[in-house]
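Counting from -3, one number per residue, gives the positions in the sequence shown under this note's numbering.
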Amino acid sequence: MGRLSVASELWQFMRVRKKWWLAPILVLLLLLSALIVITQGSALAPFIYSLF
-3 MGRLSVASEL
7 WQFMRVRKKW
17 WLAPILVLLL
27 LLSALIVITQ
37 GSALAPFIYS
47 LF
């Protein structure tokens, strides 16, 4: 429930303050973190970690 409340507060902040430029940054961070978690045990992991 804690994660949902953080996401809800972030959405409220973006909606009220008109900070829509934060949305692409958040989407990119979520996609990169999902990529790292998914490929953690695979042979691609060294190549992905070398990007960072």
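A virtual CB, placed ideally from N, CA and C, is assigned to each residue, including glycine.
Could you give the first and the last residue of the continuous alpha helix (DSSP H) run that contains residue 19?
18 to 34
So what does DSSP say about residue 39, is it helix, strand or coil?
coil
Does the Cβ-Cβ distance between residue 6 and residue 24 come in under 9 Å?
no
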